[in-house]
Structures are given as C-alpha cells and as structure tokens.
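With this note's numbering, letter number 42 in the sequence shown gets 333, and the count goes up by one each step, no holes.
Note that beta-carbon positions come from the ideal geometry of N, C-alpha and C, so glycine has one too.
As the structure is a prediction and not an experimental result, all values here were calculated from the model.
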Amino acid sequence: ATYVSPFIGRLDDISSEGICIVEDIAQIFRMYEIRTEIIAASIRHPIHVIQAAKAGAHIATIPYGVFQQMLDHPLTDSGIQRFLKDWEGAFSEGEG
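#1: Quick check on the DSSP output: the alpha helix (DSSP H) that includes Glu308 runs from which residue to which?
#2: So Ile371 is in the alpha helix (DSSP H); what residue range does that whole segment cover?
#3: Is there contact here, the stretch 353 to 362 with the stretch 335 to 343, by at least three beta-carbon pairs under 8 angstroms?
#4: Does at least one heavy atom of the ligand HEM sit under 7 angstroms from the Cβ of Ala331?
#5: Are the stretch 295 to 303 and the stretch 314 to 331 touching, with three or more C-beta to C-beta distances below 8 angstroms?
#6: Just verifying my parser: in three-state terms, what is the DSSP assignment at Ile319?
#7: At the level of alpha carbons, what is the spacing between Arg301 and Ala343?
#8: Compute the Euclidean distance between the alpha carbons of Thr327 and Thr352, then round it to the nearest angstrom.
#9: Suppose the cutoff is 8 angstroms on Cβ atoms and the five residues either side in sequence are ignored; what does the same chain contact list for Thr293 look like?
#10: Spatial neighbours of Glu314 within its chain, please: C-beta separation below 6 angstroms, excluding the five flanking residues on both sides.
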C-alpha cells in the first residue's frame with residue numbers, strides 16, 4: 292500500500308491511544324523497511340498535529356477549524372499588533 296491512515300480521534304474515542312498506534316506503525320515500518328506513508332487522520336486538536344509528526348506520520352489531514360486554532364494564538368496576535376504599531380511609528384516620526 293502507498294498509504295495507511297490511522298484515525299487518531301476515532302481511536303481515542305474507543306479508548307485506544309491513537310498517537311501510540313501511529314508510533315507503533317512507524318516503528319514497524321522502519322523495522323521492516325516498509326515504504327508506506329502514514330497519514331494521520333481524524334485530527335481533532337492542534338496537539339494531535341504535533342504529536343502525529345513526532346510519532347512519525349508523514350501527512351496529517353487537518354480540519355479547517357483545527358488549522359485555524361493553530362494559527363490563532365494570543366501571543367502571535369499580540370506580537371502582530373505590536374509589530375504593526377512599531378511599523379506605523381517608524382514612518383510617522385519623521386513626518387510633521
């Protein structure tokens with residue numbers, strides 16, 4: 292098979308640890324030199340994306356809502372606002 296796709300969130304729902312299964316699959320594939328790529332599916336939280344990558348997944352199917360959560364972070368938002376304020380200040384100081 293070219294791809295295998297463990298459904299992390301659904302595995303979590305049935306009391307399996309989805310991320311652990313991704314780790315196990317990745318380890319077995321390395322051990323037996325299987326070239327099948329792992330697609331982590333049923334991603335429900337931003338942490339799933341990070342855990343899946345660390346576990347050895349090659350690809351993650353990320354719902355838009357989770358992707359948006361990954362982009363929206365309070366420190367990122369405040370950093371952007373501070374940058375924009377500094378940018379405006381850098382060009383308004385010499386005017387007048």
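So, to answer that:
#1: Premise fails: Glu308 is in no alpha helix (DSSP H) and is neither H nor E.
#2: Pro365 to Ser383
#3: yes
#4: This structure lacks the ligand HEM; in fact it carries no ligand of any kind.
#5: yes
#6: helix
#7: 14 angstroms
#8: 16 angstroms
#9: Hits under 8 angstroms: Thr327 and Glu328.
#10: Ala346
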